[in-house]
Amino acid sequence: MSRGLIILDAGHGEFGNPYPVIEGAYEGTRNFVLAGYLKTALEAKGFEVKLTRNAIEDDPSLEERGRMAGDNDAILFLSLHSNAPGSATPPEKYKDIKGVLVIYSLSDEENNLPIALAFGNAVAACMDTENRGAITRTYPDQPGIDYYGVLRHSVASGCTCAFIIEHGFHTNLDDAAFLNNDACMAKLAEAEADVIDKLFGV
Ligand SMILES: [Zn+2]
1455 MSRGLIILDA GHGEFGNPYP VIEGAYEGTR NFVLAGYLKT ALEAKGFEVK LTRNAIEDDP
1515 SLEERGRMAG DNDAILFLSL HSNAPGSATP PEKYKDIKGV LVIYSLSDEE NNLPIALAFG
1575 NAVAACMDTE NRGAITRTYP DQPGIDYYGV LRHSVASGCT CAFIIEHGFH TNLDDAAFLN
1635 NDACMAKLAE AEADVIDKLF GV
């Protein structure tokens, strides 16, 4: 019997967000690779998994991605990304910024915060990079509503257990080199599956 259904969302499309520090590497491709390893790892632990992208070239809308959670009665919606500094950061500083950040849906702070912290700790340890903690972000002028579209649509469809993991910065050479290595991605998937194994479907 399944321990519950998990939606894995590999962020962006195949050529979304080229890595500035590794020619030919793309965030959208590497997120897809990680989702594949994580699906295998979770299925081995007895979870059912659906992907928002079944083919690498798929690039559904944020609403379609998020809605898959509630529409399939998922116990967890997990969106997989890597990070880049915002426009407030001058480009010459990009290469020095690294580390893991987890964004969790503010719709269920009590349940989601400890899960977000567990993901952050596990991913930062596995990647041997900084841990930038766990945050929520509110939609401007709409208290109680998540800023990020996939979280917002997951919640609107009925799944409040929704997270974005920013697996380091693809603008930093150390983080990017890890993410561009398939063996490292497989290790990362195991670390994340262990967190889910402990916290879900018991
Ligand atoms: Zn992203």
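First residue of the sequence shown? That's 1455 in my numbering, and the numbers climb one at a time after it. All C-beta atoms in this analysis are idealised placements derived from N, C-alpha and C, irrespective of residue type, glycine included.
Notebook entry, point to check: With respect to the beta strand (DSSP E) encompassing Lys-1504, which residues constitute its N-terminal and C-terminal limits?
Noted result: Its beta strand (DSSP E) spans residues 1502-1505.
Note to self: Looking at ligand 1, does it come within less than 8 Å of Ser-1536, judged from the CB to the closest heavy atom?
What the structure shows: Within the cutoff, so yes.
Item checked: Proximal residues to Arg-1586 (C-beta, below 7 Å), its chain only, five neighbours per side dropped -> Within the same chain, Arg-1586 has close Cβ partners Gly-1553, Val-1554, Leu-1555.
Notebook entry, point to check: Can you tell which of Tyr-1473, Glu-1497, Lys-1641, Tyr-1480 has the C-alpha that lies nearest to the C-alpha of Ala-1578?
Noted result: Per the Cα distances, Lys-1641.
Item checked: Glu-1511 to Glu-1468 span [Cα, whole Å] -> Taking the straight line joining both Cα atoms gives about 5 Å.
Next item on the list: Please indicate yes or no: does the CB of Gly-1470 lie closer than 8 Å to some heavy atom of ligand 1?
Entry: Yes, the beta carbon of Gly-1470 sits closer than 8 Å to at least one heavy atom of ligand 1.
Check: From this set, Asn-1634, Glu-1644, Gly-1655, Thr-1625, which residue's C-alpha is nearest Glu-1546's C-alpha?
Finding: For Glu-1546, the closest C-alpha among the options Asn-1634, Glu-1644, Gly-1655, Thr-1625 is that of Thr-1625.
Margin query: Taking the alpha carbon of Gly-1470 as the reference point, which residue from Asp-1629, Ser-1536, Ala-1631 has its own alpha carbon closest?
Written below: Closest option to Gly-1470, Cα to Cα, is Ser-1536.
Checklist line | Supposed close pair Ile-1619, Phe-1654 - CB separation, criterion 8 Å | finding: Separation of the CB atoms of Ile-1619 and Phe-1654 is rounded to 15 Å, and the pair is thereby denied contact status at 8 Å.
Note to self: Judging by CA-CA distance, which residue of Glu-1477, Cys-1638, Leu-1530 is the nearest neighbour of Asp-1582?
What the structure shows: Measuring from the Cα of Asp-1582, the nearest candidate turns out to be Cys-1638.
Margin query: Going by DSSP in three states, Ile-1476 sits in which element: helix, strand or coil?
Written below: Of the three classes helix, strand and coil, the one that applies to Ile-1476 here is coil, per DSSP.
Check: Just how far apart, CA to CA, sit Asp-1648 and Val-1604?
Finding: So the two alpha carbons sit approximately 24 Å from each other.
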